[in-house]
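Per the UniProt record's numbering, residue 1 is the first one in the sequence shown, and the count goes up by one each step. Don't be surprised by glycine CBs; every beta carbon is placed ideally from N, CA and C. Here the structure is a predicted model, which means the values were calculated and not measured.
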Amino acid sequence: MTSGVSETQAEAAVMAQTATKFENVNQELQSMLSTLMSELSVLSSAWKGRGAHAFEQVKTQYQADLQKLNQALSETAVAIKDSGHHYTTTDDEAASKLTQSGGSFQLPL
Numbered sequence: 001m002t003s004g005v006s007e008t009q010a011e012a013a014v015m016a017q018t019a020t021k022f023e024n025v026n027q028e029l030q031s032m033l034s035t036l037m038s039e040l041s042v043l044s045s046a047w048k049g050r051g052a053h054a055f056e057q058v059k060t061q062y063q064a065d066l067q068k069l070n071q072a073l074s075e076t077a078v079a080i081k082d083s084g085h086h087y088t089t090t091d092d093e094a095a096s097k098l099t100q101s102g103g104s105f106q107l108p109l
């Protein structure tokens, strides 16, 4: 059986790894979006008419939706990191208080 401190460290590490995964996926999506929008800009300059206008509207909405996804992934990564940090800090404070007491509490028995 492991001590509570070991478990806390493992949980904080998992939270940090998870936050990093969110950040990496977010960066990959942004890179793909940038590449896609660059390629679509060539198409939009050559395509005219109602179909082109409808396509531009869809492209604009798609870009806005991906920006919302980017924001959500970024905020989630920050929240996970903050939670891991707060969890570790709280656990460290609790351990410190217990250590400082040194077993000096007198129980009214």
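Got a sec, what are the start and stop residues for the alpha helix (DSSP H) residue i sits in?
i	result
residue 110	The structure shown does not extend to residue 110, since the chain is modelled only from 1 through 109, so no value can be given for it.
Which value, in whole angstroms, describes the spacing of the CA atoms of residue i and residue j?
i	j	result
Q63	Q57	10 Å
L36	K97	55 Å
G84	L43	45 Å
M15	E75	14 Å
A79	K48	45 Å
T99	Q71	42 Å
D91	L33	41 Å
Quick check on residue i: does DSSP put it in helix, strand or coil?
i	result
M1	Note that M1 scores 49 on pLDDT, short of 50, meaning its location in the model is unreliable; the coordinates nonetheless yield the value given after this. The answer is coil: DSSP assigns M1 none of H, G, I, E or B.
G102	coil
Tell me which residues share the same chain as residue i and place their Cβ nearer than 8 Å to its Cβ, disregarding the 5 neighbours each side in the sequence.
i	result
T20	A77
E39	none
For residue i, which residues in the same chain have their Cβ closer than 6 Å to its Cβ, ignoring the five residues on either side in sequence?
i	result
F22	L73, T76, A77
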